[in-house]
Every structure is written in C-alpha cells, then in structure tokens.
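Residue numbers (numbering that gives the first Met the number 0), protein chains in the order written: chain F, 0 to 465; chain A, 0 to 465; chain X, 0 to 465.
All C-beta atoms in this analysis are idealised placements derived from N, C-alpha and C, irrespective of residue type, glycine included.
Just so you know, these numbers come straight off a predicted model, no measurement behind them.
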Amino acid sequence: MLHEDRLFSSDPAQRSIAREIYDGVKDLPLISPHGHTDPAWYALNEPFPDPAQLFVVPDHYVFRMLYSQGIPLEKLGVPSQDGAPVETDGRAIWRLFAQNYHLFRGTPTRMWLDHAFSDLFGIQKRLSPDNADETYDRIAECLGQERYRPRALFERFNIEVIATTESALDPLEHHRTIRESDWGGRVVTTYRPDSVVDPEFEGFTENLRALSELSGEDACDWDGYLEAHRKRRAFFKSMGATSTDHGHPTARTADLSDPEKRRLFAKVASGSADADDAELFRAQMLTEMAVMSLDDGLVMQIHAGSWRNHNGPLFERFGRDKGADIPSPTTFVDALQPLLSKVGNEPKLTVVAFTLDETTYSRELAPLAGHYPCLYLGPAWWFFDAPEGMKRYRELVTETAGFYNTVGFNDDTRAFPSIPARHDVARRVDSAFLAELVADHRLDEDEAHEIARDLAYGLAKRAYNL
Amino acid sequence: MLHEDRLFSSDPAQRSIAREIYDGVKDLPLISPHGHTDPAWYALNEPFPDPAQLFVVPDHYVFRMLYSQGIPLEKLGVPSQDGAPVETDGRAIWRLFAQNYHLFRGTPTRMWLDHAFSDLFGIQKRLSPDNADETYDRIAECLGQERYRPRALFERFNIEVIATTESALDPLEHHRTIRESDWGGRVVTTYRPDSVVDPEFEGFTENLRALSELSGEDACDWDGYLEAHRKRRAFFKSMGATSTDHGHPTARTADLSDPEKRRLFAKVASGSADADDAELFRAQMLTEMAVMSLDDGLVMQIHAGSWRNHNGPLFERFGRDKGADIPSPTTFVDALQPLLSKVGNEPKLTVVAFTLDETTYSRELAPLAGHYPCLYLGPAWWFFDAPEGMKRYRELVTETAGFYNTVGFNDDTRAFPSIPARHDVARRVDSAFLAELVADHRLDEDEAHEIARDLAYGLAKRAYNL
Amino acid sequence: MLHEDRLFSSDPAQRSIAREIYDGVKDLPLISPHGHTDPAWYALNEPFPDPAQLFVVPDHYVFRMLYSQGIPLEKLGVPSQDGAPVETDGRAIWRLFAQNYHLFRGTPTRMWLDHAFSDLFGIQKRLSPDNADETYDRIAECLGQERYRPRALFERFNIEVIATTESALDPLEHHRTIRESDWGGRVVTTYRPDSVVDPEFEGFTENLRALSELSGEDACDWDGYLEAHRKRRAFFKSMGATSTDHGHPTARTADLSDPEKRRLFAKVASGSADADDAELFRAQMLTEMAVMSLDDGLVMQIHAGSWRNHNGPLFERFGRDKGADIPSPTTFVDALQPLLSKVGNEPKLTVVAFTLDETTYSRELAPLAGHYPCLYLGPAWWFFDAPEGMKRYRELVTETAGFYNTVGFNDDTRAFPSIPARHDVARRVDSAFLAELVADHRLDEDEAHEIARDLAYGLAKRAYNL
C-alpha cells in the first residue's frame, strides 16, 4: 500500500537524488517538540481501545470531513455535551468510516491512515466497505497485544523525545508518574497558559483563582499574577518543559506602560473586560511571556490566527475541537512590532511563529525571521501539514529566510499512531524539495544531505533545546 | 494547431498516466450548470453574425486585453452609450485583432480561440496579420451554414444540459419558447435577483415596482417582498432552474431580528439607504435566500469579490461588462458566519461559494467546506478559469477539503464557441493534476479515474441537481 | 561552480527547450532601468575597496541574514551612527562571513555571490571557512587591477544603459561628470522625490526649503511647489532620466479638489500634518506626479508596501537600510482608483506598479494591468527577485495580463558585482517558464523565443523609453 518512492517527483533525475537524501534521514530518531498526545498514555501504559476509538472518534481531521458530507457526529460516536445518545458500537462506526473512505482521497489524513494501517498493523489492502470488518478485526486483535501499548509504540516509533501540551493549571500528575517510573522514554510538558491569559477563555476569573491556589500567589493582583506565571513556568520546567505555547486568535502584541498594564489587568481580573480589552491584554501578555522567556530560557511558541468554534450550534451540542476552527486573515508585521522592539534583538531568546495564513510566509514571516535574531518560523501548521502545504512553505520561505531560520518539523498531533507517518511525510517532502534544488543546480548534493538531517532532526533539537 | 498532449506534464511518467485518465473523460457529455449564454440563441436558432461579432465584440476577455495596450474600444466595434461612432466593418475589426494576437500568448483566451478556430472551423494556422482575411472568410462562410446555428452547435458540443442566468425580473420568454419547441436540447434558467436585492443596483426602487407587478405581491412591503421572491423562484423552477446566483461585492451575510429586518427594508425600499445599509441588506438577503433554498431546494451560488465598473470614465461611455471588473480582497470566515450559524448544518441545503481572492482557498474556503455540510466550493472562477489558476485551486483546496466538497467545472461563459474548449481545458488540467498524484503515489490509478469522471461530469450533476 | 543548466527543469524535454531559448538571450546587452548603484563609481572610476567592503558591508541582503542568526552588525563592519566601534579589518569580516556561508543556502544571495566569485574572480570552490583567506586574497588582488574598476566592469557586464536613483534634491554632479567625460557608458538618473513628497520623511520641512533654493521657486507655496517639481523633473531629464520613482508605504492615490489640495499642503508645509494628512498628501502627490508624467513623458514607477525601519532599536543605532524593511499587506484596486480614474485611460502615460504583497499579482495587479492602458507591472521585486519568486510572478500574472503588460527585468541593486548574475537568473527563470509552456503545448517555440527576447531586453527598453 505504501510505495517506497511516494512523494518523490516522478522525474527520474529528481527521484534518484531524493531517494539518496531520504535514505540519510529516514531512520533518524523522531524529535517531537510540539503536540497534543495524552501524557496518561505514557504514564499508565494501558491498551488503546477499539479501532474506531483509536482512529475515528478522537480525530477531528477525520470526523470533520465525514461531517462535511452530511454524516452526523452522533453516528461517528463523538460524545455529545447535551447527553444525546451517540453510537457506541466501534464496528458500526468503522463500517461507516470505511464506506466513506473515498472522501479522504488527496488528503494527508488518507496518507497517515494508510501508513498506520500498513506499517503498524500489516494491512495491505486499501480500506473499503468490502474489507471493513476484516480490517477492524485485525486492528482490534493487535491492540490487545502488549507490543501495541503506548510505551512499546513510543519505542517502536523511535521517538527520542516528545512534548505534550498542558494548561498552566494542570498539576502534571501524569508527567510526574512518567518521570518517577523506570521507563526510559523522554516525555516533556509545555506551558500553555491560554486559560489564564485570555480573558475570553471559559471560566477565566475562576481560572485566576485556581492559579492563585496552585502558585500560592495572589493572581488577582498584577504583581502576584506575574509571579504566579513565573512559578508555574518553573514547575513546568521541572517537569521537562523547554517551551511555552500560546494559541491566540491574532499575533497582536503590546508594550504598555506600567500604569496602563495595572489598569488593564484590574479590568480583566474583575471580569469587566470587553473584546478590545481582552485583545489588548492577550497582546500585552505575549510580551510579558517573552520577557519571562528571556529570563528562564523557555522557548516561546505563538500559534496565531484560528477562529475557534466557528460553528455555534455544533459547539453548543458537542463542545470544542470538533473541526470547526477556521483560519482567518492574520498579520504579523504590525502585530509583532511591540514585542520585537522590546526583545527582538536578543539572540538568546527564541520565539517561534506559526501561521494559518499562508500569505504571510513570504510577505511577512520570512522577512521578519530573516532579520530578527530572536525569531524563527514554525513549520507548515495544521491544514498545511501536508505535502502541498509543506512544499509551498519551503518555496515561499527559503529564498528570504533560508533554512536556518526555521525550526524543523512538528507533528502537532493528538493521533498517536499518525506520528511516524507525519514525520515520514515531512522527511519525504523535504527530500523532494532539496532534490529539486540539487537537480537544477541551486544547491550542491553534500549540502542537501546536511540540510535534510537538520530539517529532520537537528533544527528541532536545537531550536527547542531538546 | 492543437497538440493531443497539451496541458499534460512533459514528464513521460505523468504524461502517460494523464493520457489514460483523460481518455476516460474526454467524451463525457458537458454539464454546464452556470453560464451567461443568451437563451435567445437556442430559442430562435438564428445564424451567428460575422466573425468579429462572434469572437471579438461581445467578449470582454478579448477586448480588455487589446484595450490595455492602447487600442480604443471604438475601433473594436464595442457599442458606445453616448452614441459616438464605432467601427462596424467586421473585417476591419478582425484585422486589428489579428495584428495583436500575440498579446494573448500565455492566456486562456488564446487557448480557447485556437481550440474554436481549429476544432470548429478547421483552421490549422495560428492567427496572424498574414492570414487574417483568409481566416475571416473561412469563419464567415461556416457561419452561414445550417450546422453552425446554435442548436446544431449545442448538439455538436455534446451539451447534456446548460444553465443560463436571468434577472429575477426576466419574463423568461426565450426559455418558454425552448421548452415549447420540439427541440430536445436541455436549457434551464438560473434565478439571479441582484437587481432587486442590491439597493445600489441601477434603478433598484423601480425594480421593486416591476417585481410587484410580475409577482402580484406588494414588493415594497417586507412580507410581500419575500413572497414575491418565493413566487419568482417557483416560476424560475418551472422553467428548469435548479439554482440561484448572487453576485455580491462581498460575501457578507447577516441574521437580523425581525424588527431590524423590517426597519432596514423600509429604508432600502424608500431609496434612502446609505452604503452601509445597502451592504447590510445584501447580507441579510443572502441569509433569506438560503432559508428559501432550504425550502424549495434551489442550490444557492454566491459569487463574491468583484469591484464592478472600476473604470469610471469608461463606464460612462461604454457601460457595464467592459473588462473593468477587478477582484478585491475578500473574506469568508467572518462574512458567512451568520448564514452558516443559521442553516449551515443542514445537509439538504447546498451553498456553492466562488472567490476571486485565491488567498481564501486554503485559508478559509477549504476549511469551511471541509466542515459545514451545506457548503461546497465552486471551481476556479473568471480570471482563474485557466490552467495555472485551476492547478493552484486543486493544490490549495484538495488537502483540506478533498475532491467531494467541490462541484466540478462551470464554464461561466457568454462566448458560445469557447464552451468545448473550456471544458476540455478543465478536463486536461484535472487529468494532469491527478496524474501527478498517481505518479508520486499519493493516489491509486483506479481512484484517479473515478475522481476524473466525477470532476468532469458527476459532481456538477449532483451538486446542481441536474 | 556554475552549472551551465542551472535553473532549468531537470525534465529532459523542458531542459532542452530551455537551453535553446536561453541561448537566444544570454548575450543580449543588459538594460537596467531601475537600480541603486552609486553614480560616483562611474564618475570617478576608482578601484573598489577590499572584498568585505564590496560584498558584505554595504549589502543588506547579506548582513541581515547573518544578523538574524545572532551575529552583531558591529562584527560585520556595518557603520554605527552612535560612534560605537565596529570591525574594520576586512579579512576578519570575511572570515566571519565564510564561516556562516551555509546560512545562504537556497537564497538568491548565494546564487549571486557564487556567480560573481566564479565568473568575475575565477574562483571555482564554494566559499567555506577553509578557503576564506585564499578567496579573500584572490578578490583583493583583482580589485587592484585596472580591469576591475567600475567603468571596465560596466563594459565587461555588457550594460547598454543603467539608471541610478537620486533624490529630488540631488545636484547630480556625478551624472554631470559622467556626461562630460569621454567615456561612452550610458548612465542615467531617476527622479525620486520621496524626501520632498512624504511629510513623514526625516527633515521634510527643511527639504522643502532646499527644494526652493535648488529650483528658484517658493516650494512652501502650493503653486511654487508644483512648479519646483516640474523644474527638477526637467533637470533630471536633462541628465538622462526617463522615469520617476516613488517609494510609498501604500499605493494610495487621491484626487482632491483644488481648495482641498491647498489646505492640505498648507498643513503639510507648516509641519503640522498628522499621520492621516501625511498619507493623504502622499496619495495626492502620486496623482500630481502622474499628471506631470503625462506632460513631460517621464515613466512613473510606484514601489509600494514596505514598512521601513521596522526594528526601532536597530534603526537608532545603525540608521536606514539595515535589512529591517518588512513588507505589509498592500492593496491596489481601491488605492489606485483615483489616479486611474483621472489619467488611467491615457495610452501615452506609463505607470509601472511594484508590489511586495504577492497576493495582489493575480487578484489585483494583473486584472488592472490587463485593462488600463497606462498601467504595467514591474517584475518580481526585492525579496521576490529570486527563482521561486519570479516563477510565481509569471504563473500568477501571465494568464490574466499576458507578457506585454509587464516591463521586463529590473535588477534594483546596490551591489554592482551582482548585476550580471541577477539578469542571468531572470533570463534563465523566464527561459525555463517559457520552456514549460512550450513543452506542454501552450505556446509555440517560435513565440517563446520572441517573448524571451522581449522579457530580457525589448520590454524594458520600450517601457522605460531607453
């Protein structure tokens, strides 16, 4: 099912160069500096449930596509919030999935699934209504085996280190369990403070109280609030964190005066902030976080530009992360200016910017990253973590920012079995891109090999201090 | 003049796959669900006038390019509104056109013209000043023959069904004539209510009065106005319509309360709306139309983002549709939210969105269409109905929305002889795109064949209920 | 080091066509209608200083990339404004540059440098820490020779004509020297009035006084101000200028009434303009300049969309042009409308638009240029003057605007030794683009040859009246 030359150009000259480049990187360990796998998997090492619960129910890439063609989420087993009954029979869900597998043609989801089916479960036939049951049985049988448990898969996947992402309010119990276990796998956390930084986050003011309790600081006072962040960051560092992550609707930053900050925070903490105040507070907090990063060395990731929960009625019935987060036009040149003016010239600070607005690659992000010492570009993100998306990223970014202002690959996944596939796609697409540069004599072959290793392994390790 | 492998990659592996895919679709009947051909052609079946009147004078793709290089519209026979004399000698226009044929190099216009010259009129030499007269004579001679009349060409073109587009105020006499004739060609209309929905349309308030007369409802009252739409839609349906079409400067939608709607309509109907009112009214009416579509089953097309009549002085002298409609930045995520919140989760509703802002393909439209059950993407439109434009469309859309959230090809033409050429270009470009996916093992060959048939025929038929 | 087939597709069919096309244009003289070389070079014909002063210190493409990876500008010899000491040892700068040469992989800078090293200085090994000294010595030795002086290189480069760019306040002494010399090289100036048109330019009001003195008109009075421009333009024309150039943050134009203009100018001239006034004044002045161009025949260039000096702290320490000019979202459809409404239908006017926002190529600029007689598209500019950038430009522009609404190549450089490399890259990329059109039968081979000559030579000569 998986052709050994997949994703390489069919031009023989390019394909042969791509093969050689890929050979040099395909077996490198996986560095996964940013993602959303569940630390409980590694802590508890319990078997994964049935095939539908592994591949369909939790993966919004999968069920959004089925939903877009009129299949109700209930039939896919996605838990409702209003208690409406949903399908619980894994086999029924799987059959529906198999009947609609053609919808994924041409998408990265299809590539990841085929890779996992084939490589992980030894399935050699394309999923179809005809073989749905057979495939289901095969996967179910595997999942019962010891060697399909999370830790065994972690090792089989050749993961050198993986970062999960936890809320600033998370007690990190699973991470503690992992660290205290005798298992050698390296799993680190990431400090994600959105719930206590974004005044529009559900339960923001209660979250501040929880932050106070966790940190022993009065997080409803500006100085205490900042100190609480510092303490939580230190705690996350003690659980392996080397970075923070900020999922904001825009990349806006601000650099207010001290009295302005205090006045704004008072409004925000009291729950009386309007939309403009909220946006300004998020903006100011990005700058505060950058300043803290300069101090404690945590790499700062900014993921900007997603309109979360666009589908109101669906959100009310099924909650967050149901495939209805839609990218919006995003700008960085104006938005990042306050932060960059304050700390952008510090070479020891690392800020990694991610965008869902591809127009900013060549217009804004590559020129910014090709100038500011602190700024790096994250890889093609989310919808663009796909062959064409990655190719455009390299084509749009490289001529202005080069390779060394980028940070290698992030798999950014909550779908554990897709991890090897995602890294493999990235390594293949980068090999193919480099092969084209070699084939038309824009780059020497020895350089291409070196770059490929950096893109597949070295840059992520260096950028994230892993 | 037409190479059999045109538009296929020169890579031998890809080309050979492309040929096979194309072979499976090249002779499929044409489904033309959206266009601007004149129903009088099919109703009256009169011969087309001279070559210049067929190819140059009515085609703004052609004369805008000549105008951009300093050739006055008067010399091209384009009728003026101020009564200024214009060239009427077809041969003189044709010679000027032939002298400047090099201006079309690299454009789709050139491809369509060559296709029509060669395939339809048997001309084998590239148009040039040297053969202008010869070509003119050849075409003119053909146009006098019975088999070059509209109905004969319709059959020769293998058109299974074609939709024209008529104003909500059109009595549809030509459509009635066609339906009552003994001719078997299937020609349907499309409900286009811009002139009675857009308060900035010329003669809007008179148009409301005309709508009242046609419908027997008081269209100057909100309830009567809506009822008038419902009646006109029903009448259009009786003349074959399966869809409505909305050409708006933006994609903005709204979902106002009942009192707000009434207040806004009162202002609009009295002619006292300002620009903001007009925009809000158009926005509200898109949502009203979607609600009606849910009721009567008409597919809803939204064509957004063209700044009409950008060239003021030219508009005053020559009127609309003179090549001066220019795309503007357009957004959909915010704009469509009110409509999608109201009816977006209805699988039995079909809304087809078209854009002239390619940045929205991957950023907004593919993520939206890959989630909302009602939403589909129209094909690459207008300036982008061309090989590179189509290729970008597939590359930008497919990884997120797949193939099945798109609706196949629309020729969108008012140039009758270009119809086969346009479908042929689309079929070739899609075959080439699929061939690349097969050649680098992203797709199996049997899947590519199935998709190609869907893109060329099945999807349009299904999406538009044709 | 330079492969003879570089930048041609590795597909054998395309490569062989590209070679033939390129053969027909590679030796054509260079037309350089827009650039920033120093006229003093041609006037005084002094030897260039050491290799670091030639290749590193003055080239913001080079030092911005090194700076982005944490190398201080001081160590690269970039002069500070605050008197802080900077490296003056050319060899030390060169070694640092060589140690970091890998940062330029995949960038056009690398291609230009390799071209100059190889073609101009006969160096055959890629620059590296190992050969830094050897390379330095080789270049330094050459620079001492007569045949490496500016005039000799000008001739060796086969430059037919080069335009420099001077401020409206420049006395053009070097141009006078060149014209009065017995040297046959054709060097012309370009009228760049930003410093007396942009109220936010440093020293704007003093600049108006200087303009008064130079012109003998009272440039602090509206009528005198316009007359002063007319006189300076005439003077620049006498020094060979065939064009003006306008570097504005946006492309906004305006067409105010006479009283409005006077009122605005009074505010601006008195130094009391706010940001909105400044923007409106720049907008109005673009229209005034277009009107003057209609009168005196100077071609008008609009370079819009760069956020100058984005890095505040660096600007304070090192001044302008330090790699911190970052593109911003730019629009043209609304922005150019006032100017185009006034003079856009004049075929004898030539306005050339340049953008740093690639989204405008297909959405706005190609449709505008494919309609308005006065409007032409400048080539891929600045960050986009690179193989992928140029390829996207052709792909995005050609189908709507054709080739003949573009103006050929501009090297836009202040790095003299890069001039042949830049033209060569453009000729190769265009040859490769045309070869693809021929290989997939969108264009005939004889047409491709003709177009290639136009793109490499003819169009620039015609568009700029050179």
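Under 8 Å by beta carbon: chain X residues contacting residue i
i, result
"residue 168(F)", "Ordered by position in chain X, no residue passes the 8 Å Cβ test against residue 168(F), which lies about 35 Å from the chain."
"residue 441(F)", "5, 6, 105, 110, 386"
Within chain X, the residues that residue i reaches when beta carbons sit closer than 9 Å
i, result
"residue 360(A)", "Those within 9 Å of residue 360(A) in chain X number zero; the least Cβ separation is about 11 Å."
Test item: CB-CB of residue i and residue j under 8 Å
i, j, result
"residue 369(A)", "residue 334(A)", "no"
"residue 32(X)", "residue 465(X)", "yes"
"residue 62(A)", "residue 72(A)", "yes"
"residue 236(F)", "residue 216(F)", "no"
"residue 433(A)", "residue 447(A)", "yes"
"residue 95(F)", "residue 70(F)", "yes"
"residue 297(A)", "residue 232(A)", "yes"
"residue 302(X)", "residue 244(X)", "yes"
"residue 151(X)", "residue 145(X)", "yes"
Beta-carbon contacts of residue i that lie in its chain and below 7 Å, excluding the five residues immediately before and after
i, result
"residue 166(X)", "191, 194"
"residue 14(A)", "4, 7, 8"
"residue 413(A)", "35, 36, 57"
"residue 391(A)", "357"
"residue 110(F)", "420, 424"
"residue 422(A)", "29, 408, 410"
Assigned exposure category for residue i - 16 Cβ within 10 Å defines buried
i, result
"residue 377(X)", "buried"
"residue 206(F)", "buried"
"residue 251(A)", "buried"
"residue 163(A)", "buried"
"residue 157(A)", "exposed"
"residue 361(A)", "buried"
"residue 101(A)", "buried"
C-alpha distance - residue i paired with residue j, whole-angstrom precision
i, j, result
"residue 357(A)", "residue 405(A)", "15 Å"
"residue 126(A)", "residue 134(A)", "7 Å"
"residue 288(F)", "residue 299(F)", "8 Å"
"residue 67(F)", "residue 118(X)", "57 Å"
"residue 284(X)", "residue 277(X)", "10 Å"
"residue 313(X)", "residue 415(F)", "45 Å"
"residue 327(A)", "residue 363(X)", "7 Å"
"residue 196(F)", "residue 60(X)", "38 Å"
"residue 159(F)", "residue 18(F)", "24 Å"
"residue 418(F)", "residue 240(F)", "20 Å"
"residue 514(A)", "residue 55(A)", "Coverage of chain A is limited to positions 0 through 465, which leaves residue 514(A) absent and any answer about it impossible."
Sequence-distant residues of its chain with Cβ nearer than 6 Å to residue i (five each side left out)
i, result
"residue 113(F)", "0"
"residue 351(X)", "300, 375, 377, 406"
CB contact below 8 Å: residue i versus chain C
i, result
"residue 125(X)", "The question asks about chain C, but that chain is absent: this structure's protein chains are F, A and X."
Residues that residue i contacts on chain A, provided the C-beta gap is smaller than 7 Å
i, result
"residue 311(F)", "340"
Partner residues on chain F for residue i, Cβ-Cβ distance less than 7 Å
i, result
"residue 254(X)", "Here the premise fails: no neighbours, minimum Cβ distance about 28 Å."
"residue 64(X)", "369, 401"
"residue 363(A)", "325, 326"
Beta-carbon proximity list for residue i, same chain, < 8 Å, skipping 5 on both sides
i, result
"residue 175(A)", "238"
"residue 383(A)", "355, 357, 389, 391, 392"
Distance cut-off 7 Å: residue i Cβ against heavy atoms of the ligand HEM
i, result
"residue 226(X)", "The ligand HEM is not part of the structure shown, which contains no ligands of any sort."
Chain-ordered neighbours of residue i on chain X, where CB pairs are closer than 7 Å
i, result
"residue 346(F)", "69"
"residue 357(A)", "361, 362"
"residue 429(A)", "Here the premise fails: no neighbours, minimum Cβ distance about 14 Å."
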